[in-house]
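Peer 1: One gets this note's numbering by counting positions in the sequence shown from 1 and adding 332 to each.
Backbone N, C-alpha and C define an ideal beta-carbon position, used for all residues, glycine too.
None of the values given here were measured: they were computed from a predicted structure.
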Amino acid sequence: MVPKTTNKILTVDDDDVARKMIVDYLDDGGYEVLEASNGQEGLEIFRKEKPDLMLTDVKMPVMGGLELLEKVSKESPETPVVVVSGVENMDDVAVALKYGAWDYVTKPISAMIVLERAVAKALERSRLIEENRLYRIALEEANRALKKSLDVLEEDQEAGRSVQMRMLPEQNIQFGEYQFSHNISPSLYLSGDFVDYFKINDERLGFYVADVSGHGASSAFVTVLLKSLIALALTKYQIHNDTEILEPDKLLSKISTEIYNAKLGKYLTIVYGVIDWVEHKLTYCIGGHFPNPIWFENGKARYLEGKGFPVGIMKQTTYKSTTLDFPKNVQLTLFSDGVLEILKESELPKKEEFLLSLAEGSDGTVDYYLKNLELIDKKGLPDDVTLLLLKRT
């Protein structure tokens, strides 16, 4: 048996031979093992030592396993309990499962690997439940902070804009060979558009452009929620090696569920991408966002493929990621749909053609786009207009 963890396990059994066999096996596996010969002794040890898992027989003197299980389940329902019982006592096993046992192993134990698997399975389930509990606590705390931010947004537009601006990344930043720059031109004092780019680890970068439905304080609030959810995903990766932040399709599905559950009456469109800056590959996913990102390479611009539902409309939504190489001297341009509102062309195909021609004439700066879109010091826009430029230099 390969050593696994330092989890603390309590085994309760009045059969000295069977109990010693279990104790020796788990001890060899790297577990800290406690033992008791009856339910009463086991309950006292449980209350004192707070083990990570308990193994218990059913038929024992002083206090039986079912009574022990009932007490432990009431006092500590999150602690996994595995019943170890004789084959002739299957009715008792059924009752034990009803009382809250997580699993059972029949005696005599034909192969200790069966017990090992039951223990590992119960501990893993317990770990996932605990991680989810901590995640929900963090999310609830974030939501409380977001509610406070919303109050600020509604009561003080100036303070609200200051909060929103502080959440944005630097206007221009370089990660290795990759340069990011952006601009947001809000239709109101507060914006429902948002943009971000950040380092995930020493090999990957993350970025996104999002456009929340509606305008004003309530839409700006959702941008705060989005920033918080992605920050939580990044933290889960850094602490628990949860790879959701590296998988755009899974991340968008998660965010969609959270925004739907928040019941804010809002949804958003988004392009989220991950760049492997060692292998120079881009993996991206589109959640209802339009226009699609513009890929400019060797003097020719084109729209990247991809589509998907807006985020937050449905509780469970699946998305599709796309991966492609990111050669040198490529420029990626992302707009929010507000850009289509300010173009002079009357038909959508002509608007799309204009944006492609604009990208093909670009010098790779935000100022070029602001000038050619006549956005410099422009007031009274019909919708927020966001621009994100990404290029490998």
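In terms of alpha-carbon separation, which member of K598, D695, P659, E535 lies closest to A542?
Peer 2: Counting from 1 along the sequence shown, the entry for residue 542 is found at position 210. If we check each option's Cα against that of A542, K598 comes out closest.
Peer 1: Evaluate the contact criterion for the segment 409–428 versus the segment 360–377: three or more CB pairs, one atom per stretch, below 8 Å.
Peer 2: The answer is no - the segment 360–377 does not touch the segment 409–428, with fewer than three Cβ pairs under 8 Å.
Peer 1: Per DSSP, Y357 is paired with what?
Peer 2: Start at 1 with the first residue of the sequence shown, and residue 357 comes out as number 25. DSSP, once it has assigned bridges, lists no residue as partnering Y357.
Peer 1: At 3 residues or longer, and completely inside the segment 582–652: list those beta strand (DSSP E) runs for me, N to C.
Peer 2: Counting only runs of 3 or more, we get 600–608, 613–619, 626–629, 632–635.
Peer 1: What is the rounded straight-line gap between the Cα of N370 and the Cα of W434?
Peer 2: Mapped onto the sequence shown, residue 370 falls at position 38. Mapped onto the sequence shown, residue 434 falls at position 102. Rounded to whole angstroms, N370 to W434 spans 20 Å at the Cα level.
Peer 1: Which residue or residues does DSSP assign as beta-bridge partners of M386?
Peer 2: Within the sequence shown, numbered from 1, the residue matching residue 386 stands at position 54. DSSP output for M386 lists L342, V413 as bridge partner(s).
Peer 1: To the nearest angstrom, report how far apart S653 and L636 are at their CA atoms.
Peer 2: Residue mapping note: residue 653 aligns to position 321 of the sequence shown, counting from 1. Residue mapping note: residue 636 aligns to position 304 of the sequence shown, counting from 1. Approximately 12 Å between the Cα atoms of the pair.
Peer 1: My understanding is that L342 touches M386, with C-beta atoms under 8 Å, so please give their C-beta distance in whole angstroms.
Peer 2: Here the question's residue 342 lines up with position 10 in the sequence shown. Here the question's residue 386 lines up with position 54 in the sequence shown. Going by Cβ atoms, the distance from L342 to M386 rounds to 5 Å, so yes, they are a contact pair.
Peer 1: With K559 and D528 assumed to form a contact (beta carbons below 8 Å), what rounded beta-carbon distance in angstroms separates them?
Peer 2: The residue labelled residue 559 in the question sits at position 227 within the sequence shown. The residue labelled residue 528 in the question sits at position 196 within the sequence shown. Confirmed, about 7 Å.
Peer 1: So for M333, helix, strand or coil by DSSP?
Peer 2: To locate residue 333, count along the sequence shown from 1; it is residue 1. Residue placement at M333 cannot be trusted, given a pLDDT of 46 that sits under 50; what the coordinates show is reported in the next sentence. Three-state result, M333: coil.
Peer 1: Provide the residue span of the beta strand (DSSP E) that contains Q511, from first to last.
Peer 2: Taking the first residue of the sequence shown as 1, we reach residue 511 at position 179. Where Q511 is concerned, the enclosing beta strand (DSSP E) stretches over 510–517.
Peer 1: In whole angstroms, what separates the C-alpha of R449 from that of I618?
Peer 2: On the sequence shown, position 117 is the one that residue 449 refers to. On the sequence shown, position 286 is the one that residue 618 refers to. Rounded to whole angstroms, R449 to I618 spans 40 Å at the Cα level.
Peer 1: Under DSSP, the beta strand (DSSP E) around Y540 begins and ends at which residues?
Peer 2: What you label residue 540 is simply residue 208 of the sequence shown in a count that begins at 1. Per DSSP, Y540 belongs to the beta strand (DSSP E) from 536–544.
Peer 1: Considering just the uninterrupted stretch of the alpha helix (DSSP H) at Q372, what are its terminal residues?
Peer 2: Here residue 372 refers to the residue found at position 40 when the sequence shown is read from its first residue. Per DSSP, Q372 belongs to the alpha helix (DSSP H) from 371–381.
Peer 1: Report the partner residues of A368 according to the DSSP bridge assignment.
Peer 2: To locate residue 368, count along the sequence shown from 1; it is residue 36. Looking at the DSSP assignment, A368 forms a beta bridge with V344.
Peer 1: Okay, do the segment 497–505 and the segment 678–693 touch, 3+ Cβ pairs below 8 Å being the bar?
Peer 2: Counting Cβ pairs under 8 Å, fewer than three are found: no touch.
Peer 1: Between I577 and L566, is the Cβ-Cβ spacing less than 9 Å?
Peer 2: The count along the sequence shown starts at 1 and reaches residue 577 at position 245. The count along the sequence shown starts at 1 and reaches residue 566 at position 234. Yes; because the gap between Cβ atoms is below 9 Å, this pair is in contact.
Peer 1: Is the Cβ-Cβ distance between K340 and K406 less than 9 Å?
Peer 2: In the sequence shown, counting from the first residue as 1, residue 340 sits at position 8. In the sequence shown, counting from the first residue as 1, residue 406 sits at position 74. Not a contact, by the Cβ cut-off of 9 Å.
Peer 1: Exposed or buried, what is G693 when buried is set at 16 or more other beta-carbons lying within 10 Å of its beta-carbon?
Peer 2: Position 361 of the sequence shown, counted from the first residue, corresponds to residue 693. The residue in question, G693, is exposed, as its Cβ has fewer than 16 Cβ neighbours within 10 Å.
Peer 1: Does DSSP put F667 in a helix, a strand or coil?
Peer 2: By 1-based counting over the sequence shown, the position of residue 667 is 335. Strand, per DSSP.
Peer 1: Short of 6 Å in beta carbon distance, which residues of its chain neighbour L656, apart from the five on each side in sequence? Order them along the chain.
Peer 2: To locate residue 656, count along the sequence shown from 1; it is residue 324. Hits under 6 Å: L614.
Peer 1: Taking C-beta to C-beta, are Y540 and G605 nearer than 9 Å?
Peer 2: The residue you call residue 540 lines up with position 208 of the sequence shown. The residue you call residue 605 lines up with position 273 of the sequence shown. Yes, they are a contact pair.
Peer 1: Should S517 and T718 be called a contact, given that it needs their Cβ atoms to be closer than 9 Å?
Peer 2: Translated into positions along the sequence shown, residue 517 becomes position 185. Translated into positions along the sequence shown, residue 718 becomes position 386. Contact: yes.
Peer 1: For E463 versus H572, is the C-beta distance shorter than 9 Å?
Peer 2: The residue given as residue 463 occupies position 131 in the sequence shown. The residue given as residue 572 occupies position 240 in the sequence shown. The answer is yes: Cβ separation under 9 Å.
Peer 1: Which of the three DSSP states is assigned to Q570 in this structure?
Peer 2: Residue numbering aside, residue 570 sits at position 238 when the sequence shown is read from its first letter. If DSSP states are grouped into helix, strand and coil, Q570 belongs with the helices.
Peer 1: Is L500 helix, strand or coil when you go by DSSP?
Peer 2: One-based indexing of the sequence shown puts residue 500 at position 168. The answer is coil: DSSP assigns L500 none of H, G, I, E or B.
Peer 1: Go ahead and label V446 buried or exposed: buried means 16 or more other beta carbons lie within 10 angstroms of its beta carbon, across all protein chains shown.
Peer 2: Residue 446 sits at position 114 when you count from the first residue of the sequence shown. Classification for V446: exposed.
Peer 1: Alpha helix (DSSP H) containing K406: first to last residue?
Peer 2: Position 74 of the sequence shown, counted from the start, is the residue given in the question as residue 406. Where K406 is concerned, the enclosing alpha helix (DSSP H) stretches over 397–407.
Peer 1: With DSSP run on the structure shown, which of helix, strand or coil describes D695?
Peer 2: Here the question's residue 695 lines up with position 363 in the sequence shown. D695: coil per DSSP, three-state reduction.
Peer 1: Between which residues of its own chain and A368 is the CB-CB distance below 6 Å, once the five residues before and five after are set aside?
Peer 2: Stepping through the sequence shown from its first residue, residue 368 is reached at position 36. Excluding sequence neighbours, A368 sits near V344, G374, I377.
Peer 1: Alpha carbon to alpha carbon, what distance is there between G670 and S519?
Peer 2: Position 187 of the sequence shown, counted from the first residue, corresponds to residue 519. Position 338 of the sequence shown, counted from the first residue, corresponds to residue 670. In a straight line, the C-alpha of S519 is about 9 Å away from that of G670.
Peer 1: Taking the alpha-carbon positions, what's the M333 to L366 distance?
Peer 2: Within the sequence shown, residue 333 is the residue found at index 1, counting from 1. Within the sequence shown, residue 366 is the residue found at index 34, counting from 1. Per-residue confidence for M333 stands at a pLDDT of 46, beneath the threshold of 50, marking its modelled position as unreliable; the derived number appears in the next sentence. For M333 and L366, the distance between alpha carbons rounds to 19 Å.
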